[in-house]
Amino acid sequence: MLLSDLLSTASKGITVNRMRSLLTMLGIIIGVGAVVLMTGVGKSVEGVILGQIDFMGPQTMALFPGNEGPEGGNSSMRPDFDAITFSDTEALKTLTTVKYIAPVVFVPGNAVYGREETDPRIAGSTPEYYLNQNIEVTEGRFHDQKDEEASNSVVVIGSDIAEDLFFNQSAVGKRMELANKKFTVIGVLKPVGMVFFQNVDDRIIMPLSTAVAMTGRTYADMVSMQAVDDFDIAFEDVRALLRQRHGITVPEDGSTDNDDFLVRSAAQAEEILGTVSISLTVFITLIAGISLFVGGIGIMNIMLVSVTERTREIGLRKAIGAKRKDILLQILLESVFLTLIGGCIGIVLGIGLDFLISAAVNKVLSEYQFAISIGAIFLALAMATVTGIVFGVYPAKKASELSPIEALRYE
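At position 205 of the sequence shown the residue is numbered 253 (our numbering), and the sequence of numbers has no breaks.
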């Protein structure tokens, strides 16, 4: 029997009962659709994070007071909010493996200009902050060392603050109120958007000395810096220096349980992303495997029902000369057709849902872009084909072994 005849016969077998065929393909559709959707979303999220890591720079480090506690527990177990003093930050400047060391103090309060008011993130830091954060101004300038030494009441504002308070006017030179104190705007930051899922365009930066005078702080809420070359060496140098200054004894197992500080970096975020990607891959594989297995069982059952219903047809074909392999291939092709059609429908649905999700998220997070994995699509189709073959073998074998005489007697 010619292959074209087999394909034609197999396709007719599927279209005879379209609703049953569609229900049979449901498990395959869900499995393949889940693979395409989740890999697409995963690639989009990965693109956002890698873009933000690239923006921040893999050498960027942040030092925080406190500790996650034993075995990475809740940070509230070891707050130590005053652990990093300004003398600590001065000591960090003696290290040759880090640069652009900028202590940061957060200032509570709203921003007011005329009748307009907004709730920004206000921080005081040194001019080095602008260097290690890789940020630029679109108007005006950053505050400098002279502003720092004089504790000047000047601020650099994010693009969202400029838009919310000053609309289409130039913000530079305007006087605004922060925490009941008057400040002059000297610069507007270039729009950045979200960095690690946090909007950085709503920040206001003032000289560290000014923030310290307003808050009375003797310690830093965080310290931003960059590794000069090798991040791992810089990380160990920072940790060793602070442990020495704070009189911290390192446990025999080398853990950080006794530390009263945390060091985080963009490079660590990339490592975490790799771990999450592996976990996501395992999860997707599990979901797809379960769905395809369930779909395969459904296909096998329906194909057995189909073989039973077509017993006389199969017997007649064998009586007029159809070979055993012709019957086997026909039923097997029907099974593969079902899984491939279900796979194609699943791919279309997966891509469609991925597009809708991307469009919705992009309105909030502009860095989130629609993405699909071509490799995942081909893999999903291959898995669907294998499912059709594996679960179609038994019904095909049963059909091919029917006796023509017994089949023709079947009622």
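Using N, Cα and C, we set each Cβ at its ideal position, and we do this for glycine too.
Query: Would you check if the stretch 337-347 and the stretch 74-83 touch, i.e. whether three or more CB-CB distances between them fall below 8 Å?; Result: yes
Query: Please report the residue range of the beta strand (DSSP E) in which Ile170 lies.; Result: 169-173
Query: Taking buried to mean at least 16 other C-beta atoms within 10 Å of its own C-beta, is Asp402 buried or exposed?; Result: buried
Query: Three or more beta-carbon pairs under 8 Å between the stretch 264-273 and the stretch 167-185, yes or no?; Result: yes
Query: Helix, strand or coil for Leu143 per DSSP?; Result: coil
Query: Considering only DSSP beta bridges, list what Phe154 is partnered with.; Result: Ala171
Query: Is the Cβ-Cβ distance between His191 and Pro255 less than 8 Å?; Result: yes
Query: Looking at C-beta atoms only, is the number of pairs between the stretch 367-375 and the stretch 421-430 that lie closer than 8 Å three or more?; Result: no
Query: Would you kindly report the start and end of the unbroken alpha helix (DSSP H) that includes Ile425?; Result: 422-448
Query: Measuring only the C-alpha atoms, how far is Leu380 from Ile399?; Result: 28 Å
Query: Should Gly440 go down as buried or exposed, given a rule of 16 or more other Cβ atoms within 10 Å for buried?; Result: buried
Query: Counting pairs of beta carbons, one from the stretch 330-337 and one from the stretch 349-357, are three or more of them closer than 8 Å?; Result: no
Query: Using the Cβ count rule (16 or more neighbours within 10 Å means buried), how would you classify Leu404?; Result: exposed
Query: Once the 5 residues before and after Thr144 are set aside, which same chain residues still bring their CB inside 8 Å of it?; Result: Val276
Query: Report the three-state DSSP secondary structure of Tyr267 (helix, strand or coil).; Result: strand
Query: Where does Ser92 land, buried or exposed, given buried means 16+ other C-beta within 10 angstroms?; Result: buried
Query: Quick check: what's the CA-CA separation for Ile375 versus Leu397?; Result: 33 Å
Query: Just curious, the alpha helix (DSSP H) that Val384 is in, first and last residue?; Result: 372-410
Query: When the Cα atoms are used, what is the spatial distance from Leu140 to Gln292?; Result: 12 Å
Query: Can we count Ile205 as close to the ligand ADP, meaning its CB is less than 7 Å from some heavy atom?; Result: This structure lacks the ligand ADP; in fact it carries no ligand of any kind.
Query: Cα separation between Asn228 and Val203?; Result: 14 Å
Query: Should Gln378 go down as buried or exposed, given a rule of 16 or more other Cβ atoms within 10 Å for buried?; Result: buried
Query: Look at the alpha carbon of Arg407 and the alpha carbon of Phe418, and state the distance between them as a whole number of angstroms.; Result: This sequence places Ala at residue 407; Arg is not what is there. Their backbone Cα atoms lie some 8 Å apart in a straight line.
Query: In chain order, what residues of the same chain lie with their CB nearer than 7 Å to the CB of Glu119, ignoring the 5 residues before and after it?; Result: With a pLDDT of only 44 at Glu119, under the threshold of 50, the placement of this residue in the model should not be trusted; the figure read from the coordinates follows. Within the same chain, Glu119 has no close Cβ partners at all.
Query: Does the beta-carbon distance from Ala268 to Val153 come in below 8 Å?; Result: yes
Query: Determine the direct distance from the alpha carbon of Thr433 to that of Leu427, and round the result to whole angstroms.; Result: 10 Å
Query: Tell me the rounded alpha-carbon separation between Met224 and Ser207.; Result: 15 Å
Query: Which of helix, strand or coil does DSSP assign to Ile149?; Result: strand
Query: Just to confirm the assignment: which complete alpha helix (DSSP H) runs, minimum length 4, are found wholly within the stretch 266-352?; Result: 279-294
Query: At what residues does the alpha helix (DSSP H) containing Ala419 begin and finish?; Result: Careful: Ala419 lies outside any alpha helix (DSSP H) and carries neither H nor E.
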